[in-house]
Structure formats: C-alpha cells, structure tokens
Amino acid sequence: MPDAPVLRPVAVVPTDAGADEFEAGEWGFPDEDVAAPRVLGRPHPDRARQFVPFAALRGYYDLVHERERIPAPRRELSEDEARELNAVLAQADRGSLVSVTYYDGEAYVTCEGRVSQKDEIYHDLWVIRTRIPFAAISALRFL
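Here numbering that gives the first Met the number 0 is used: the first residue of the sequence shown is 0, the next is one more, and so on.
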C-alpha cells in the first residue's frame, strides 16, 4: 500500500505581505516533490432532490380540475329508473367493465373501469379505487 503524502499545517498568508516576501517553504506549504491530495466534495445526500419536478403554484391544478366540474343539483330517480338501475347493479360482478355516473357532493361525475368490489352490506360499488355509494349512482352501464 503506497504511503500517503505527509502534509504540514498550512499558514494563512498575511494580507499586507507582498508577493516578493512570500516563500512557500516558510509558510508551511508542502514541498513540490510531494503530491497534494485531490480534494473531493462531500457526497450530498439530497442530490436527487434537484431533479424532482417543481410546482411553483401548489394546488393550482387541483383548483383547475375542481373548476372543470359543473355544479348541478341532485335529481331524484323515478321509480322506473330506480328499478332499471337495481337490475343492472344486480348483474354487475367483480371484474365487470362499467361506466358509472354518480353524484359527488356538488356535481355529477362519470367513472369508467372494472368493478373491484361490490359490497352488499355497506351498499358500495368500488370501481378500481373509487368508492361509490349505491344511493349516489344515477346511471350504470356495461362497456
């Protein structure tokens, strides 16, 4: 294993000293025949953070998507529509590809996907990861 170069403490050059008064040997710099080690920067633990996408306006896109929803009052289904919806809902099983229109607080939303769960006890229909109560469904059709 090669010997590491021996370094002596380095002194600070006084500001009032001229270049002609300064000699490397008397200030403690290593001799020219000894190679100075290359100083590498410390690894930065958060270096990858600089590549994370930057969102200058936090929550802006959520507000834009919220404004895309057109507020509408909830309308009640007639008895015939409710009977048809119950018949289609009875046929929907896990894995069925469906399109569901449901009321979500202030507007109607359409969700398409596979039924991941139909909970008869809690009266919920899960389309992928979206929980839809049976009472909120206004239309259901198979794709």
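Glycine is no exception: its CB is placed at the ideal position from the N, C-alpha and C atoms.
By a beta-carbon distance limit of 8 Å, Arg-68 contacts Ala-106. Their separation comes to about 4 Å. Boundaries for Asp-123: no alpha helix (DSSP H) harbours it, while the beta strand (DSSP E) harbouring it runs 123 to 126, taken from the DSSP string. Under the three-pair Cβ rule at 8 Å, the stretch 96 to 114 counts as touching the stretch 62 to 76.
Within the DSSP secondary-structure output, Leu-62 pairs in no beta bridge. Burial is judged here by how many other beta carbons sit within 10 angstroms of a residue's own beta carbon; Val-99 has at least 16 and is buried.
Annotated three-state conformation of Asp-118 is strand, per DSSP. Taking Ala-138 as the centre and dropping the five residues before and after it, the same chain places the C-beta of Thr-100 closer than 6 Å to its C-beta, in chain order. Taking the Cα positions, Ser-77 is about 10 Å away from Glu-83. Linking Val-97 to Gly-112 through their CA atoms gives a straight-line distance of about 6 Å. In this structure, Thr-129 is the residue among His-64, Thr-129, Arg-93 with its C-alpha nearest to the C-alpha of Cys-110. In the structure shown, Glu-111 adopts extended strand secondary structure according to DSSP, grouped into three states. Between Asp-92 and Val-114, the C-beta spacing is below 9 Å.
For Arg-82, the enclosing alpha helix (DSSP H) has its first and last residue at 78 to 90. DSSP places Pro-132 in the uninterrupted beta strand (DSSP E) bounded by 129 to 132.
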